[in-house]
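A quick write-up on the structure given underneath.
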Amino acid sequence: MNYDVVILGGGPAGLTAAIYASRARLRTLLVEKTFPGGQLMMCAHVENYPGYLGGPGMELSEVMRQQAEKFGTESKIAEVARVDLLGAEKAIYTTENEVIFSKAVILCLGARPRRLGVPGEQEFLGKGISYCAVCDGALFKDKILVVVGGGDTAVEDAVFLTRYASRVHLIHRRNKLRAQRIIQERAFANPSIEIHWNTVVKEIVGTDNVDHVTIENVQTGLPAKLPVDGVFILIGNEPNTKMLEGQIELDEAGYIITDENMQTNVPGVFAAGDVRRKALRQIVTACADGAIAATAAEKYIESLS
Ligand code: NAP
31 MNYDVVILGG GPAGLTAAIY ASRARLRTLL VEKTFPGGQL MMCAHVENYP GYLGGPGMEL
91 SEVMRQQAEK FGTESKIAEV ARVDLLGAEK AIYTTENEVI FSKAVILCLG ARPRRLGVPG
151 EQEFLGKGIS YCAVCDGALF KDKILVVVGG GDTAVEDAVF LTRYASRVHL IHRRNKLRAQ
211 RIIQERAFAN PSIEIHWNTV VKEIVGTDNV DHVTIENVQT GLPAKLPVDG VFILIGNEPN
271 TKMLEGQIEL DEAGYIITDE NMQTNVPGVF AAGDVRRKAL RQIVTACADG AIAATAAEKY
331 IESLS
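Residue numbers (the working numbering): 31 to 335.
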């Protein structure tokens with residue numbers, strides 16, 4: 031299989047890169063592990079993407095997918111086992127032992143939920159512990175939940191989870207939330223949310239399912255036991271860049287370093303979206319990255335002839 035551009039990852043960055051690349055009449059393949067959408071699929075309600083008044087992330091990503099397809103993007107559901115990006119011809123090896131060749135690659139690999147690293151986290155995964163409120167929230171009707179984190183995801187999803195849960199304990203390690211002010215205000219105004227400031231989760235405990243969490247106030251050192259039915263760990267993300275080590279320049283946290291044209295240190299390899307080192311990770315910035323990366327890839331391919 032030979033392509034002009036192969037895009038790895040089908041979140042907003044990948045889908046936008048696909049729209050731009052296929053519209054530029056490049057033979058474009060989008061490779062996605064499960065289904066297109068990326069982290070956008072986990073957003074219950076998107077309201078800050080310009081031109082979209084508000085709705086589920088799934089809806090927005092489906093429109094992007096259809097748009098890419100309309101312009102001729104081919105797509106493939108496959109897991110990438112390894113990549114060989116250093117030569118003029120880029121090679122993508124799937125776990126099914128297929129090899130895909132292309133002139134340019136756009137890495138839109140996104141990021142995965144960060145683990146908390148406390149006892150019980152591994153043991154109760156799927157038995158009360160979740161990293162996705164949209165996926166699992168409805169399982170906790172009239173239950174008591176813990177949400178860990180203080181960023182946009184944790185605070186926004188704490189509010190979302192009150193649609194189902196009778197009480198949501200938001201556990202944050204500092205005395206100030208990182209989330210945007212408008213999101214914070216909604217949490218403060220919600221009577222079903224109780225915020226535990228300067229507090230960390232030490233252990234998640236249960237028998238078959240989660241039964242309680244042990245928390246500790248980091249200022250006083252005082253421990254407490256919080257009976258809960260579920261724990262949502264929403265403490266940020268880590269980039270999916272393990273397989274790029276040794277080929278593509280990464281920063282100390284593993285994010286891909288690019289220039290303003292989304293060019294990595296390797297000619298013909300571009301990166302876009304949350305996988306890239308950048309200041310603002312939003313749908314709109316992921317899309318912007320994708321458009322820039324595809325345009326830069328087009329220029330790169332032109333320069334080859
Ligand atoms: P984030 O912004 O990195 O926030 C992570 C939160 O988890 C922080 O409050 C952090 O605490 C806390 N945390 C990190 N490690 C922890 C640990 N080991 N133990 C306890 N707490 C820990 O991640 P995010 O909220 O998932 O957001 C990711 C990106 O998506 C951000 O750029 C965000 O703006 C964006 N996003 C935007 C929207 C929106 O615009 N509506 C919605 C969701 C996400 P500290 O504050 O103390 O560091």
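Glycine included, each C-beta is placed from N, C-alpha and C at the ideal position.
Anticipated Cβ contact below 8 Å, residue i with residue j, distance rounded
i    : j    : result
V61  : K106 : 5 Å
Y33  : T58  : 7 Å
A302 : A323 : 4 Å
D259 : V240 : 7 Å
I174 : A188 : Wrong, their Cβ atoms sit about 13 Å apart, outside the cutoff.
L191 : F262 : 7 Å
L70  : S91  : 5 Å
H202 : G180 : 4 Å
Straight-line Cα distance separating residue j from residue i
i    : j    : result
Q214 : C73  : 17 Å
K157 : A254 : 22 Å
Y79  : A318 : 12 Å
S160 : D304 : 21 Å
I212 : A121 : 45 Å
N205 : A111 : 42 Å
Q277 : I313 : 27 Å
Q293 : P143 : 26 Å
E233 : E246 : 10 Å
T271 : L280 : 8 Å
L56  : L146 : 42 Å
A98  : V178 : 36 Å
R311 : W227 : 25 Å
I49  : V164 : 27 Å
T315 : G39  : 16 Å
T46  : I136 : 11 Å
D172 : R193 : 9 Å
G251 : P86  : 40 Å
Burial state of residue i (16 or more Cβ within 10 Å)
i    : result
Q210 : exposed
P269 : buried
M31  : exposed
I37  : buried
F170 : buried
P66  : buried
T125 : exposed
V299 : buried
C138 : buried
H199 : buried
V129 : exposed
H75  : exposed
P42  : buried
A283 : exposed
V243 : buried
T288 : buried
L274 : buried
L264 : buried
Simplified DSSP assignment, three categories, for residue i
i    : result
R95  : helix
D259 : coil
E224 : strand
F101 : coil
D319 : helix
K120 : strand
T325 : helix
A74  : coil
L334 : helix
L115 : coil
G85  : strand
V61  : strand
T229 : strand
D34  : strand
F131 : strand
S196 : coil
V314 : helix
Bridge-paired residues (DSSP) for residue i
i    : result
V240 : G236
P269 : A141
L252 : Answer is none; L252 lacks a bridge partner.
F300 : I136, Q293
R306 : I286
Short CB-CB distance (under 7 Å) between residue i and chain C
i    : result
K120 : Absent here is chain C; the protein component of the structure consists of one chain.
heavy atom of the ligand NAD below 6 Å from residue i C-beta
i    : result
D259 : The ligand NAD is not among the ligands present in this structure, which contains only the ligand NAP.
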